[in-house]
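Undergrad: Residue numbering for the sequence shown is 3 to 759, as defined by this note's numbering.
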Amino acid sequence: MREIRLLDVFIFGLILSLVYIALPDLNLPKSDEIILEAGLWIIGLALGPLFLYKGFDFRRIKFSSSLSFLSIISFLYIFFIIVLYIQGVPAALGMFLTPFLSLSLSGFLYEWFKRRKIAREVSRRVSGGFTRRLKSTISQLDRTMWFFLIFGFVYLFIFLIIPILSVLIYAFIPPVGGEWWSNFETILRGHLRPQSPTLTYVNLNPLDKDAVKIVEPLKLVILKGVDYGSLLNSLLVSAIVTLIATVLGVIVAFALARYDFRGKMLLRILAMVPLFVTPFVNSYVIRLLWGEGGPISQLVKYFTGYTLRVEGLAGVTISQIMTFYPIVYLNAYASFLNVDPSTEEQAENLGAKGLKLFLNVTLPLALPGIVAGSIIVFIFSLEDLAAPIVFNYKNLISYQIYDGIINARGAVSPEKAALGLILLFISLTGFLAIRNYVGMRSYAMISRGGRWQKREHKLGVLGSIAVYLGIFPLILFTAFPQIGVVLMSFNILQPYVKIEAGQVQGLVLQLPSSLDELTTYMSKALTDPNILNYLKNTFVYASISVVLAVFIAISVGYSVSRLKIKWLSNLLDSLATAPLAIPGLVVALGYYILFSFIGELNPSLLGFLHPANPGFQAWIVFIIAFSVRRLPYVVRSVFAGFQQVHENLEEAAMNLGASRMKVVFGVIFPFIIGYVLSGALLGFIYMSTEVSTSITFGGINENQAPLTYYMRQYYSGGAGVGPQVTAAMGTILILLQLVAVLIVVYVFKQRYAFIGV
């Protein structure tokens with residue numbers, strides 16, 4: 003019997019696709035056509051197990067970076083094609099990919115069950131039965147360990163799991179006369195009803211299908227994107243941002259990790275500049291850069307005679323790419339440095355060079371870090387609010403949820419809760435799919451952990467051209483928004499477009515004529531009592547939250563590093579890391595629903611917890627939300643510290659009579675104080691710049707709001723100088739972040755980077 007090849011799989015997919023395209027020509031009744039269409043999907047899904055049974059070697063997909071990644075993209079694509087019931091060419095493409103996806107899922111599940119079976123057998127032989135395992139478990143749990151476990155689980159369960167469950171339950175509250183699934187049907191299938199009022203979620207036939215509009219009389223090109231509804235818009239923007247940010251991040255990381263050239267250190271510093279968080283105002287600078295009077299437009303006009311203006315969906319996409327690509331860069335850079343040079347040298351000895359070496363050896367070994375950065379970019383793009391607000395584009399999931407919270411009159415609409423649940427599902431699906439994709443293969447290297455010389459090459463002529471004419475301008479351009487924030491705060495960058503003699507003038511860069519003019523906006527930011535009050539609120543909330551987060555991190559980090567009960571430690575570790583995969587807006591929505599419920603239990607006693615009440619104490623929500631949302635940054639650092647301290651040290655102390663609590667805080671803690679402080683500093687900075695919870699709950703009680711809320715408000719107002727004063731606030735945040743980074747890197751000797759998956 004002939005071996006099943008990958009080409010056969012795609013040929014069957016092509017046949018299914020052609021049959022689907024031919025269905026409308028059969029002139030069948032609509033019901034019969036739907037049944038046949040469903041049958042084609044079922045056949046496509048059934049082909050995968052059949053191919054596997056007939057002997058297809060799943061390792062061809064498993065050990066191919068491109069094919070395994072295609073499996074994930076196919077899964078997400080086909081899922082939304084089916085759920086949204088999108089027909090036509092998109093559905094035909096889904097049919098074409100279905101046999102391949104089915105084969106990938108079948109192979110993955112087969113290997114997963116096989117590994118689980120082997121693991122259970124090994125565990126049964128080693129542990130010697132349930133009774134012995136139970137005794138072993140109990141023997142490890144003394145009072146201190148019990149306290150750490152219970153405290154960690156209870157805090158995360160109450161302030162992370164319950165809010166998410168609140169969104170889940172609330173999302174299924176139907177409208178009057180509706181069914182329990184009505185909210186989801188409105189969002190996902192509302193576009194199928196004639197004259198549906200819900201085209202804001204899914205709109206497959208937009209009136210304006212031109213992503214680029216040319217206004218000939220004005221010689222103006224408007225790049226705006228196409229509005230397919232908030233749900234599809236968010237998916238498309240996140241996919242595009244993730245793809246382009248990953249490509250840019252990998253290119254920059256590889257150039258800086260593997261080549262030696264003049265100006266390399268400057269490029270490394272500039273590549274990290276976009277990571278300094280300046281909510282709203284950095285997106286405003288990007289809007290100016292790509293605006294009608296910006297430098298990009300002037301450059302386009304010089305070569306084509308047309309002026310360029312970027313707005314709407316296109317502006318949001320460009321802003322997010324420029325803001326988030328360094329996340330991939332940092333993770334990819336660390337991964338490239340950790341690739342064992344001997345593996346590349348062996349491949350070179352076998353004839354692999356250049357692009358072939360990179361694609362077949364270097365890239366697969368660095369993939370975990372790259373993928374970690376990519377999935378964080380995907381989630382950040384989905385939940386981003388700054389770019390949609392600055393570009394005044396409301397038709398995205400994030401803005402729809404934000405709008406639903408700030409305009410709530412006593413209760414958030416269950417439809418917005420359903421939208422939040424869909425946002426959470428998309429994030430978690432992408433997170434888990436990518437994580438399982440990374441876990442399908444081993445990336446360990448034989449000499450990992452040893453010393454080796456970095457593989458750095460001198461640039462040739464073509465390499466020098468690529469770096470100095472390609473990568474250097476790219477990094478400088480993407481760093482300019484944060485640089486522009488600082489320049490704007492000191493009145494060096496003039497943000498307003500001027501009209502002189504009928505001509506549009508670009509941004510003005512000029513030194514102020516006096517010291518007072520130079521420090522006008524910074525002085526206002528440092529002396530305005532309102533700004534100082536919001537800055538004080540931020541400092542107090544972040545300080546209390548970071549203390550809570552440190553104690554939770556110690557409880558979680560110690561339990562995970564010392565507990566030999568694998569499933570329990572894995573569960574606790576997953577809970578502590580979960581906030582990375584949960585969009586902040588979903589957490590904010592969950593808190594709104596949860597605290598509304600608590601406030602209604604006893605209005606006279608607990609009314610101050612209800613967001614709709616005039617006396618709502620928003621500071622409680624801010625402290626809890628900050629400590630939970632930024633917990634992973636603190637936990638990872640503290641956990642790394644516990645891993646550095648050998649268990650024999652604490653066992654010796656306990657044998658001498660010390661309690662476990664005294665051992666943890668009296669013996670181990672002094673050894674890991676650097677890790678704790680570095681994690682606390684990073685946690686403090688991320689808490690100080692948190693946006694989702696701050697701007698949603700800040701409007702409910704403005705006196706207790708943090709600085710990021712006031713930045714959002716002042717940006718839109720500010721008596722004509724809103725962006726400049728907001729830039730001054732952003733500069734203050736940049737200085738705080740810069741001090742924290744310098745302390746972490748040079749005092750505590752920790753690497754400043756985003757956490758991977």
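Beta carbons: idealized from backbone N, C-alpha and C, even for Gly.
For residue 261, which residues does DSSP report across the bridge?
TA: 459, per the DSSP bridge assignment.
Undergrad: Can you give me the C-alpha to C-alpha distance between residue 426 and residue 432, rounded to a whole angstrom?
TA: Each residue's alpha carbon lies about 10 Å from the other.
Undergrad: Assign residue 759 to one of two classes, buried (16 or more other C-beta atoms within 10 Å of its C-beta) or exposed (fewer than that).
TA: Note that residue 759 scores 37 on pLDDT, short of 50, meaning its location in the model is unreliable and no value can be drawn from it.
Undergrad: In this structure, does DSSP put residue 61 in helix, strand or coil?
TA: In the structure shown, residue 61 sits in a helix (DSSP, three-state: H, G or I).
Undergrad: Which word fits residue 152, buried or exposed, when buried means at least 16 other C-beta atoms lie within 10 angstroms of its C-beta?
TA: Classification of residue 152: exposed, given that the 10 Å Cβ count is below 16.
Undergrad: Going by alpha carbons, who is nearest to residue 219 out of 312, 384, 308, 296?
TA: Ranking 312, 384, 308, 296 by Cα distance to residue 219 puts 308 first.
Undergrad: Can you tell me whether residue 653 is buried or exposed? The criterion is at least 16 other CB atoms within 10 Å of its CB, across all chains shown.
TA: Classification of residue 653: exposed, given that the 10 Å Cβ count is below 16.
Undergrad: Can you look up residue 355 in the DSSP assignment and give me helix, strand or coil?
TA: In this structure, residue 355 counts as coil in the three-state DSSP scheme.
Undergrad: Is it buried or exposed, residue 32, if we count other Cβ atoms within 10 angstroms and call 16 or more buried?
TA: By the 10 Å Cβ count, residue 32 comes out exposed.
Undergrad: In terms of DSSP beta bridges, what is residue 312 paired with?
TA: For residue 312, which the question treats as bridged, DSSP gives the partners 225.
Undergrad: Is it a yes or a no for the region 375-383 touching the region 311-330, going by three-plus beta-carbon pairs under 8 Å?
TA: In short, these stretches touch, since the Cβ pair count reaches three.
Undergrad: If you run the structure through DSSP and keep just helix, strand and coil, what is residue 513?
TA: Three-state result, residue 513: coil.
Undergrad: Determine the direct distance from the alpha carbon of residue 423 to that of residue 588, and round the result to whole angstroms.
TA: Residue 588 and residue 423: Cα-Cα distance of roughly 7 Å.
Undergrad: Check the DSSP bridge columns for residue 2 and list the partner residues they point to.
TA: Outside the displayed range of the chain (3 to 759) lies residue 2, so it cannot be described from this structure.
Undergrad: Please state whether DSSP places residue 496 in a helix, a strand or coil.
TA: Residue state, collapsed to three classes: strand.
Undergrad: Please report how far the alpha carbon of residue 56 lies from the alpha carbon of residue 167, in whole angstroms.
TA: Their backbone Cα atoms lie some 43 Å apart in a straight line.
Undergrad: DSSP three-state label for residue 506, please.
TA: Low confidence applies here, because residue 506 scores a pLDDT of 48, under 50, leaving its location unreliable; read the following figure in that light. Residue 506: strand per DSSP, three-state reduction.
Undergrad: Please classify residue 304 as buried or exposed, where buried requires at least 16 other C-beta atoms within 10 Å of its C-beta.
TA: Label assigned to residue 304: exposed.
Undergrad: Taking all protein chains shown into account, do 16 or more other C-beta atoms lie within 10 angstroms of the C-beta of residue 459, making it buried, or fewer, making it exposed?
TA: Exposed, because fewer than 16 other Cβ atoms sit within 10 Å of the Cβ of residue 459.
Undergrad: Look at the alpha carbon of residue 691 and the alpha carbon of residue 546, and state the distance between them as a whole number of angstroms.
TA: When rounded, the distance between both Cα atoms is 15 Å.
Undergrad: From 296, 564, 102, 725, pick the residue whose C-alpha is nearest to that of residue 313; which is it?
TA: Per the Cα distances, 296.
Undergrad: Short of 6 Å in beta carbon distance, which residues of its chain neighbour residue 161, apart from the five on each side in sequence? Order them along the chain.
TA: Contacts found: 626, 630.
Undergrad: Verify whether the separation of the beta carbon atoms of residue 63 and residue 69 is less than 7 Å.
TA: Result yes, Cβ atoms of residue 63 and residue 69 sit closer than 7 Å.
Undergrad: Kindly indicate which three-state DSSP category residue 286 falls into: helix, strand or coil?
TA: Of the three classes helix, strand and coil, the one that applies to residue 286 here is helix, per DSSP.
Undergrad: Taking only beta-carbon atoms, is residue 384 less than 7 Å away from chain C?
TA: The chain inventory of the structure shown lacks chain C, comprising one protein chain alone.
Undergrad: Given a cut-off of 7 Å on the beta-carbon distance, is the pair residue 18 and residue 147 in contact?
TA: No, the Cβ-Cβ distance between residue 18 and residue 147 is not below 7 Å.
Undergrad: Below 7 Å between beta carbons: does that hold for residue 669 and residue 559?
TA: No. Outside cutoff.
Undergrad: Can we say the region 360-370 touches the region 280-292, given the rule of at least three CB pairs closer than 8 Å?
TA: No, the region 360-370 does not touch the region 280-292.
Undergrad: With H, G and I counted as helix, E and B as strand and the rest as coil, what does DSSP make of residue 43?
TA: In the structure shown, residue 43 sits in a helix (DSSP, three-state: H, G or I).
Undergrad: When DSSP labels each residue in this structure, what does residue 165 get in the three-state scheme?
TA: Note: residue 165 maps to helix in three-state DSSP.
Undergrad: Hey, residue 685 and residue 748: beta-carbon distance below 7 Å or not?
TA: Not in contact: residue 685 and residue 748 (Cβ atoms no closer than 7 Å).
Undergrad: Around the C-beta of residue 292, are 16 or more other C-beta atoms found within 10 angstroms, so that it is buried, or is it exposed?
TA: Buried, since its Cβ has 16 or more Cβ neighbours within 10 Å.
Undergrad: Would you mind giving the Cβ-Cβ distance between residue 551 and residue 699, rounded to the nearest angstrom? I have them listed as a contact below 8 Å.
TA: Not quite, the Cβ-Cβ distance comes to about 19 Å (not below 8 Å), so this is no contact.
Undergrad: Look at the alpha carbon of residue 270 and the alpha carbon of residue 343, and state the distance between them as a whole number of angstroms.
TA: So the alpha carbons of these two residues sit roughly 22 Å apart.
Undergrad: Taking only the alpha-carbon atoms, compute the straight-line gap between residue 73 and residue 159 and give it to the nearest angstrom.
TA: Looking at the two C-alpha atoms, the distance is approximately 33 Å.
Undergrad: Have a look at residue 507 and residue 361 and give me their C-alpha separation to the nearest angstrom.
TA: Low per-residue confidence applies at residue 507: pLDDT is 46, beneath 50, and the placement is therefore not dependable enough to give any value.
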